[in-house]
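Some notes on the structure that comes next.
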Amino acid sequence: MTTGCFMLVLVACWLLALGVWMIWHVYAQVREMRTFTQSTAQVIHPDQPTGDDLAALRARLTAFGKSIDARTADKLELTVADLNHLLSAQEPVNRLKDIAKVEEITDVVKVKVALALNGVPFSGERLFLNGFMTVRPEIKSDSGLVLLTRSVEVPDKTLPPGFTGSYLQANHLDGLALDEVRKDNRLKSLLTQITSTRCEPGKVVLEYTPPVKPSAPVK
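Here my numbering is used: the first residue of the sequence shown is 834, the next is one more, and so on.
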């Protein structure tokens, strides 16, 4: 066997071994996920806000947006009910109405979730993470308002640290909730101009403080 043929065989064997390892690794991950997921989603009951409730909430949101446009300091407080009204009836976030619902707000927002995960590749298998997530709204200099996932919990189950770490890093709930919002240039602009946010018992507070204009030089 020539040196060239030997190298080709060696590379082929290496690629084969790599492929086998990747397949084994994927199946091992799926087996692990099956220990804390279910084959069906838990039922999330969306809120059923009245027309008056929605009109009042949308008026507050609009007023906050106008304050930002006018460079006027303002504050918007959103309760558990407000957030669930948005999830159930306000596009585009209402696509989450069957998979997420706010349970309570303390120093974080606790969300009940029924999130689909991919099972065995190309099999169509769906595994459901039926549990709770806690998220904290924060302001990032580049993207504005984001929802940082702080914890993932499935009752009576232990989640592997590797899965938890990667899921927190992926910040999956932020993408589900706000990616479609960010596609709207108007809404994206407002999200990036919010200057501070915090959680208080029972509510999320968003604040806008206009930039301070530099003082005119003294002549």
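All residues carry an ideal CB built from backbone N, CA and C; glycine is no exception.
Next item on the list: Spatial neighbours of Ala947 within its chain, please: CB distance less than 7 Å, with the 5 preceding and 5 following residues excluded, ordered by chain position.
Entry: Ala874, Gln875, Ile877, Ile932, Phe961, Asn963
Checklist line | Helix, strand or coil at Arg959 according to DSSP, with G and I counted as helix | finding: strand
Notebook entry, point to check: What are the start and end residues of the beta strand (DSSP E) that includes Gly998?
Noted result: It is not in any beta strand (DSSP E) - Gly998 instead sits in the alpha helix (DSSP H) that spans 994-1003.
Next item on the list: Closer than 6 Å by C-beta to Leu916: which residues in its own chain qualify, once you throw out the five before and the five after it? Chain order, please.
Entry: Val935
Checklist line | Opening and closing residue of the beta strand (DSSP E) in which Ser974 lies | finding: Careful: Ser974 lies outside any beta strand (DSSP E) and carries neither H nor E.
Item checked: Unbroken alpha helix (DSSP H) run spanning Thr895, endpoints -> 884-902
Notebook entry, point to check: I think Leu978 touches Val968, with their Cβ atoms under 8 Å apart; what is that distance to the nearest whole Å?
Noted result: With 8 Å as the limit, Leu978 and Val968 do not qualify as a contact, their Cβ atoms being about 12 Å apart.
Next item on the list: Assign Ala896 to buried or exposed, taking buried as 16 or more other Cβ atoms, counted over all protein chains shown, within 10 Å of its Cβ.
Entry: exposed
Item checked: Sequence-distant residues of its chain with Cβ nearer than 8 Å to Pro1034 (five each side left out) -> Ile938, Thr939
Item checked: Sequence-distant residues of the same chain with beta carbon closer than 7 Å to Val987, five excluded per side -> Phe869, Leu962, Asn963, Gly964
Margin query: Which same chain residues end up closer than 8 Å to Lys943 when comparing Cβ atoms and leaving out the 5 residues on each side of it in sequence?
Written below: Val935, Glu936, Glu937, Phe965, Met966, Thr967
Notebook entry, point to check: Where does Arg983 fall in DSSP's three states?
Noted result: strand
Next item on the list: Label Met855 either buried or exposed according to how many other C-beta atoms from any shown protein chain fall within 10 Å of its C-beta, with 16 as the threshold for buried.
Entry: Annotation note: pLDDT 48 at Met855 (below 50); position unreliable, no value reported.
Next item on the list: Could you tell me the boundaries of the beta strand (DSSP E) in which Leu909 lies?
Entry: 907-912
Checklist line | DSSP-derived helix/strand/coil call for Gln871 | finding: strand
Notebook entry, point to check: Who are the Cβ neighbours of Gln923 in its own chain at under 6 Å, not counting the five residues just before and after it?
Noted result: none
Note to self: Going by the DSSP bridge assignment, what does Ile938 pair with across the sheet?
What the structure shows: Val942
Notebook entry, point to check: In the structure shown, what three-state DSSP assignment does Thr967 receive?
Noted result: strand
Margin query: Pop quiz: Gln929 and Ala1003 are said to be a contact at Cβ under 8 Å. What is the actual Cβ separation, rounded to whole angstroms?
Written below: In the sequence as presented, Gln is not what sits at residue 929; that position holds Leu. 16 Å between Cβ atoms; not a contact.
Checklist line | Under 8 Å between C-beta atoms of Tyr1041 and Ala906 | finding: yes
Next item on the list: Going by DSSP, name the residue or residues bridged to Thr1030.
Entry: Leu1039
Checklist line | 8 Å contact criterion, which Pro925 and Glu1013 should meet: CB distance rounded | finding: 4 Å
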